[in-house]
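Please read the structure below before turning to the comments.
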Amino acid sequence: MTQAEPKARTEQLANPFRPGNGVVPPYLAGRDAMLNAFDEFLAERPLHANWALTGLRGTGKTVLLGVFAARAEHAGWLTLQRELGERHRDDERLAEALVEDADALLRRASMLAGVGQALEQGVRFLRPRRVTVGEVGYEPAYAERSAAPADQMRQALSELDVAAGDARPRGVLLLYDEAHLLADDRARERFPLSGLLAALGAVQRAEPRVRVILSGLPTLSLNLKRARTYAERMFRHLVVGNLERGDAWDALGIPLATSGRRFALSVVGDIVEQTGGYPYFLQFFAAYVWRSVSANEVSLADYRAVEPSLLHELDLAFFDDRFEVASPTEQRILEAMAREAGAIRLPRLRQHLPEQAGMDLLVRRLVERGLIYRAGRGAYDFALPLFRDYVRRRAKLTELTRSVRSAATGVDRAGDVQ
1 MTQAEPKART
11 EQLANPFRPG
21 NGVVPPYLAG
31 RDAMLNAFDE
41 FLAERPLHAN
51 WALTGLRGTG
61 KTVLLGVFAA
71 RAEHAGWLTL
81 QRELGERHRD
91 DERLAEALVE
101 DADALLRRAS
111 MLAGVGQALE
121 QGVRFLRPRR
131 VTVGEVGYEP
141 AYAERSAAPA
151 DQMRQALSEL
161 DVAAGDARPR
171 GVLLLYDEAH
181 LLADDRARER
191 FPLSGLLAAL
201 GAVQRAEPRV
211 RVILSGLPTL
221 SLNLKRARTY
231 AERMFRHLVV
241 GNLERGDAWD
251 ALGIPLATSG
261 RRFALSVVGD
271 IVEQTGGYPY
281 FLQFFAAYVW
291 RSVSANEVSL
301 ADYRAVEPSL
311 LHELDLAFFD
321 DRFEVASPTE
331 QRILEAMARE
341 AGAIRLPRLR
351 QHLPEQAGMD
361 LLVRRLVERG
371 LIYRAGRGAY
381 DFALPLFRDY
391 VRRRAKLTEL
401 TRSVRSAATG
411 VDRAGDVQ
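Residues in the sequence shown are numbered from 1 upward in steps of one, following the working numbering.
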């Protein structure tokens with residue numbers, strides 16, 4: 001056997017780790033309790049509460065939504081997932097999105113019903129195009145769009161609830177990601193979240209067949225409370241956090257056990273420690289090490305050798321673009337926050353930046369950008385795990401660059417004098 005053969009064999013092995021937005025990992029560690037709770041949620045009769053999933057970036061909320069949808073479909077439910085965007089801060093755009101989703105689900109419900117009745121009840125709300133099931137065709141009438149956005153949302157959910165009853169699926173489940181963007185804005189007269197809650201409350205007064213799961217950054221919980229006082233009764237709040245140490249080890253160790261390669265225990269322990277057990281970063285670190293080290297068994301020395309390039313790639317892939325979204329003034333606030341070990345209160349932040357005016361507005365903008373969140377009354381923290389370390393690395397690099405430039409300038413001036 002030549003020395004090249006083991007390396008060639010290693011390169012042919014598939015990387016068992018899958019970093020990516022919403023990508024299901026090879027082993028979904030530490031979420032059994034939440035999956036069991038979800039199965040109970042589907043079985044609830046009548047509905048106790050909708051769900052609101054909150055957590056930092058990289059905790060696997062989007063992955064869970066996908067798994068929830070698959071389990072619900074398997075149990076006989078109709079589901080639809082949507083990732084909300086900046087445009088949905090406008091209640092009219094949110095209403096349009098909900099109408100589109102109701103449209104798609106009504107058609108699926110009609111196909112399940114296999115009869116004209118469900119279509120006749122549902123197509124009043126659909127866009128104007130011919131719908132055919134078997135040999136039965138319908139020309140949907142165009143619904144008026146002059147109604148207020150909240151009324152459009154209520155009508156969409158109501159039509160969907162009725163059609164679901166006729167088609168007889170177990171129920172209909174809407175799963176909306178990035179829902180923290182749905183914050184009411186009185187200054188701009190935008191009330192997307194209030195409209196959605198009012199519509200949902202109207203439809204769910206009896207025995208609803210339509211349920212909703214909202215997912216987003218921790219700000220979502222506060223937005224719900226501010227939008228409607230009764231929101232606390234409408235939603236069960238579940239926090240998606242980092243994995244416990246044992247679960248984080250399983251997230252790496254179980255896929256490795258059947259991969260054909262080994263990571264030294266010290267390497268696994270170091271990755272778990274550095275990532276804080278956050279699912280996305282566990283996958284990112286392990287996938288990078290797998291790609292970058294060719295040895296069948298990755299030693300701690302191997303890991304240390306690729307660690308600088310790993311962090312550089314992490315910065316490029318996950319942090320740089322997010323940091324650059326902030327204005328220079330907002331970046332200084334992020335740098336000040338990074339000097340603290342945890343959440344920082346506004347008075348303390350003002351001590352770091354005593355000459356900075358309009359601090360409240362700047363902090364609010366950072367919350368809207370999804371870079372920080374309100375961790376308590378008057379206290380704020382980073383919304384991205386490991387972001388504090390990134391900002392510190394960046395600040396050190398900036399300071400080093402300034403020092404080098406200053407030294408170079410000094411040498412040039414000395415040369416000019418001579």
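Beta carbons are placed, not taken as given, at the ideal position from N, Cα and C, and that holds for glycine.
**Message:** Going by C-alpha to C-alpha distance, which of GLY216, ARG228, VAL24 and PRO46 sits closest to GLU207?
**Reply:** Mapped onto the sequence shown, residue 207 falls at position 207. Selected option, being the one with the closest Cα: PRO46.
**Message:** Tell me the residue span of the beta strand (DSSP E) that contains SER313.
**Reply:** For the purposes of this step, residue 313 is identified with residue 313 of the sequence shown, where counting begins at 1. According to the sequence displayed, residue 313 carries Glu and not Ser. Taken as a continuous stretch (DSSP letters only), GLU313 belongs to no beta strand (DSSP E), being part of the alpha helix (DSSP H) at 300-314.
**Asked** Taking all protein chains shown into account, do 16 or more other C-beta atoms lie within 10 angstroms of the C-beta of VAL136, making it buried, or fewer, making it exposed?
**Response** Sequence index remark: in the sequence shown, residue 136 carries index 136 (1-based). In this prediction, VAL136 scores a pLDDT of 42, lower than 50, which makes its location untrustworthy; the coordinate-derived value is nonetheless stated afterwards. If you draw a 10 Å sphere on the C-beta of VAL136, you find fewer than 16 other C-beta atoms in it, and that means exposed.
**Request:** Any chance you could list the beta strand (DSSP E) runs of at least 3 consecutive residues sitting entirely within the region 150-217, in chain order?
**Result:** Listed in chain order, the beta strand (DSSP E) runs fully inside the region 150-217 are 172-177 and 210-216, counting runs of at least 3 residues.
**Item:** For GLY342 and ALA287, the rounded distance between their alpha carbons
**Value:** Walking along the sequence shown from the start, residue 287 turns up at place 287. Walking along the sequence shown from the start, residue 342 turns up at place 342. So the alpha carbons of these two residues sit roughly 29 Å apart.
**Asked** By Cβ distance, which residues of its chain are closer than 6 Å to SER221, with the 5 residues on each side in sequence left out?
**Response** For this step, residue 221 is matched to residue 221 along the sequence shown. Cβ within range, chain order: THR54 and HIS237.
**Prompt:** Under 9 Å between the Cβ atoms of LEU182 and LEU160?
**Reply:** As a first step, residue 182 must be located in the sequence shown, where it is residue number 182. As a first step, residue 160 must be located in the sequence shown, where it is residue number 160. At a Cβ-Cβ threshold of 9 Å, LEU182 and LEU160 do not count as neighbours.
**Item:** Neighbour-count burial assignment, PRO62, 16 or more Cβ in a 10 Å radius
**Value:** Taking the first residue of the sequence shown as 1, we reach residue 62 at position 62. A small correction: the amino acid at residue 62 is Thr; Pro does not occupy that position in the sequence shown. Flag for THR62 reads buried.
**For ASN36, the three-state DSSP class (helix, strand or coil)** = Residue mapping note: residue 36 aligns to position 36 of the sequence shown, counting from 1. ASN36: helix per DSSP, three-state reduction.
**Message:** From the DSSP secondary-structure annotation, give me the bridge partner or partners of GLY376.
**Reply:** Residue 376 sits at position 376 when you count from the first residue of the sequence shown. DSSP, once it has assigned bridges, lists ALA379 as partnering GLY376.
**Item:** Span separating the alpha-carbon of LEU13 from that of VAL293
**Value:** The count along the sequence shown starts at 1 and reaches residue 13 at position 13. The count along the sequence shown starts at 1 and reaches residue 293 at position 293. LEU13 and VAL293: Cα-Cα distance of roughly 13 Å.
**Member of PHE17, LEU316 and LEU346 whose CA lies at the smallest distance from the CA of LEU361** = For the purposes of this step, residue 361 is identified with residue 361 of the sequence shown, where counting begins at 1. Minimum Cα-Cα distance from LEU361 among the listed residues PHE17, LEU316 and LEU346 corresponds to LEU346.
**Request:** Out of GLY165, HIS88, TYR176 and GLN204, point me to the one whose CA is closest to PHE191's CA.
**Result:** Stepping through the sequence shown from its first residue, residue 191 is reached at position 191. If you compare the alpha carbons of GLY165, HIS88, TYR176 and GLN204 with that of PHE191, the shortest gap goes to HIS88.
**Asked** Expressed to the nearest angstrom, what Euclidean distance is found between the alpha-carbon atoms of ARG82 and THR219?
**Response** Counted from its first residue, the sequence shown places residue 82 at position 82. Counted from its first residue, the sequence shown places residue 219 at position 219. Their backbone Cα atoms lie some 19 Å apart in a straight line.
**Message:** Between which residues of its own chain and VAL306 is the CB-CB distance below 8 Å, once the five residues before and five after are set aside?
**Reply:** Counting from 1 along the sequence shown, the entry for residue 306 is found at position 306. Same-chain partners within the cutoff: TYR288, VAL289, SER292 and VAL293.
**Message:** Whole angstroms are fine: how far does the CA of ARG322 sit from the CA of GLY20?
**Reply:** Counted from its first residue, the sequence shown places residue 20 at position 20. Counted from its first residue, the sequence shown places residue 322 at position 322. Cα to Cα, GLY20 sits roughly 16 Å from ARG322.
**Message:** Residues in the same chain with beta-carbon distance under 7 Å from ALA422, minus the five sequence neighbours each way, listed in chain order, please.
**Reply:** Nothing can be reported for residue 422: it is not among the residues displayed for the chain, which extend from 1 to 418.
**Request:** Find out if the Cβ-Cβ distance for the pair MET234, ARG228 is shorter than 9 Å.
**Result:** Locating residue 234 in the sequence shown gives position 234, counting from the first residue. Locating residue 228 in the sequence shown gives position 228, counting from the first residue. The beta carbons of MET234 and ARG228 sit closer together than 9 Å.
**Message:** Less than 9 Å between the C-beta atoms of TYR390 and ASP270, yes or no?
**Reply:** Looking up residue 390 in the sequence shown gives position 390. Looking up residue 270 in the sequence shown gives position 270. The criterion of a C-beta distance shorter than 9 Å is not satisfied by TYR390 and ASP270.
**Asked** Exposed or buried, which one is ARG374 when buried takes at least 16 other CB atoms within 10 Å?
**Response** Stepping through the sequence shown from its first residue, residue 374 is reached at position 374. By the C-beta density criterion, ARG374 is buried, having at least 16 other C-beta atoms within 10 angstroms.
**Asked** Are ALA148 and GLY201 touching if we call contact CB-CB under 9 Å?
**Response** Here residue 148 refers to the residue found at position 148 of the sequence shown. Here residue 201 refers to the residue found at position 201 of the sequence shown. No, they are not a contact pair.
**Message:** In the DSSP assignment, the alpha helix (DSSP H) including THR62 goes from what residue to what residue?
**Reply:** On the sequence shown, position 62 is the one that residue 62 refers to. Per DSSP, THR62 belongs to the alpha helix (DSSP H) from 61-74.
**Prompt:** Run through DSSP, which three-state label would VAL239 get?
**Reply:** The residue given as residue 239 occupies position 239 in the sequence shown. Strand.
**Request:** Identify which residue in GLU92, LEU28, LEU334 and ALA95 has its Cα closest to the Cα of GLY66.
**Result:** Along the sequence shown, one-based indexing puts residue 66 at 66. Here the closest residue by C-alpha is LEU28.
**Asked** Does the distance from the CB of PHE318 to the CB of LEU243 come in under 9 Å?
**Response** The count along the sequence shown starts at 1 and reaches residue 318 at position 318. The count along the sequence shown starts at 1 and reaches residue 243 at position 243. No.
**Item:** ALA257 vs LEU282 beta-carbon contact at 9 Å
**Value:** In the sequence shown, counting from the first residue as 1, residue 257 sits at position 257. In the sequence shown, counting from the first residue as 1, residue 282 sits at position 282. No, these two residues do not count as a Cβ contact at 9 Å.
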